[in-house]
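Undergrad: Residues in the sequence shown are numbered consecutively from 414, following this note's numbering. Beta carbons: idealized from backbone N, C-alpha and C, even for Gly. Can you keep this structure in mind? I'll have questions shortly.
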Amino acid sequence: MVKLYIYILLLLLSLYCCVSSFYITINYSPVKIKIFSSLVLLALIGRYFSLIIFYISQNIKYLYYFKPILNINFISIPLIYILCIFVFMRRDKARFEKVFLITVILLVVYVFIMMKFTLVIQIDNIFGYVFSIIDEVYIYYGYIIFSGVLSCFIIINKDKPHVNKKSMTMLLFIVLFAIVENILYTFGREIVCYSIVSEVLALIAMNLALKTFKKV
């Protein structure tokens, strides 16, 4: 039961972070970042509400309709990392269009995954209805490799001039934690349920990154 309480708490914390970040970005962020972060946050809000519905649902009949949004974290969380890197590096002259290009690429990959792989829903004694993807280990491997590339990028750039070193170091530890959490999941040793802990940490980092625009 302890795991269940932690899971529910993390879900609620995730929703709070999403709403808080959404408020900040709508009111303070530059236009392109506002559009980008709003779409990412709305996608994650949809995921977390879906997970809540999975927990409280008494009928599996309509749960498969949530398939398109359930695994949106596979692209949303890496995009949050990229946004944080962009903000913490203080690349004012950098073209944010590159981030939109990465978003389109990841979205295409995600649509392919959702079409190619089969969603399986089962009942769990603790978490209610839970879902997984057949052969999902390959998806997690890709996610882990992508996160590893981002980690290397952060390590290479975190000590450069004008970079927010403390925030970049924090982000590095968050990405490394996500790698560890997802590796544990592939071995059936998840910390709670899914990779929800690293998602909360990513949302906290995003919240801190967006708050920097309040100071401008």
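What's the gap between the Cα of I421 and the Cα of E603?
TA: 15 Å
Undergrad: For Y607 and S450, what's the separation of their Cα atoms in angstroms?
TA: 23 Å
Undergrad: Between which two residues does the beta strand (DSSP E) holding G389 run?
TA: Nothing in the structure corresponds to residue 389, since the chain is present only between 414 and 629.
Undergrad: Roughly how many angstroms lie between the CA atoms of E510 and L424, to the nearest whole one?
TA: 31 Å
Undergrad: Rounded to whole angstroms, what is the Cα-Cα separation between Q535 and V543?
TA: Rounded to whole angstroms, Q535 and V543 show a C-alpha spacing of 5 Å.
Undergrad: Using 8 Å as the threshold, is the segment 490 to 505 in touch with the segment 612 to 623, meaning 3 or more CB pairs across them?
TA: yes
Undergrad: Taking the alpha carbon of I515 as the point to measure from, which residue in K529, M527 and S489 has its own alpha carbon closest?
TA: Closest option to I515, Cα to Cα, is S489.
Undergrad: To which residues of the same chain is Y598 closer than 8 Å at the C-beta, ignoring the five residues directly before and after it?
TA: Y553, Y607 and S608
Undergrad: Do you know how far the Cα of I465 is from the Cα of V605?
TA: 15 Å
Undergrad: Taking C-alpha atoms, which residue in V613, Y551, F540 and F487 lies nearest to F467?
TA: F540
Undergrad: Measuring CB to CB, does L584 end up less than 7 Å from S564?
TA: In this structure, S564 does not lie closer than 7 Å to L584 by Cβ.
Undergrad: Compute the Euclidean distance between the alpha carbons of F566 and M502, then round it to the nearest angstrom.
TA: One Cα belongs to F566, the other to M502, and the distance between them is close to 11 Å.
Undergrad: In terms of residue numbering, what span does the alpha helix (DSSP H) encompassing V533 cover?
TA: In this chain, V533 is not harboured by any alpha helix (DSSP H); it is covered by the beta strand (DSSP E) spanning L532 to D537.
Undergrad: In this structure, does DSSP put G564 in helix, strand or coil?
TA: The question names Gly, but residue 564 in the sequence shown is Ser. Secondary structure at S564: helix, using DSSP grouped into helix, strand and coil.
Undergrad: I'd like the span of the alpha helix (DSSP H) that includes T516, first residue to last.
TA: E510 to K529
Undergrad: Out of curiosity, what's the CA-to-CA distance linking P443 and I458?
TA: 22 Å
Undergrad: Could you check the C-alpha separation between I518 and M414 for me, to the nearest Å?
TA: 40 Å
Undergrad: Please classify F487 as buried or exposed, where buried requires at least 16 neighbouring CB atoms within 10 angstroms.
TA: buried
Undergrad: In the DSSP assignment, find the alpha helix (DSSP H) that holds I493 and state where it starts and stops.
TA: Taken as a continuous stretch (DSSP letters only), the alpha helix (DSSP H) holding I493 covers N486 to F501.
Undergrad: With a Cβ-Cβ cutoff of 7 Å, do L417 and Y461 count as a contact?
TA: no
Undergrad: Rounding to the nearest angstrom, what Cα-Cα distance links I569 and V576 in this structure?
TA: 11 Å
Undergrad: Going along the chain, which residues of its own chain have a beta-carbon closer than 7 Å to the beta-carbon of K480, five neighbours each way excluded?
TA: The answer, listed in chain order, is M527 and L532.
Undergrad: In this structure, how does DSSP classify F559 when only helix, strand and coil are distinguished?
TA: Here F559 sits in helix by DSSP.
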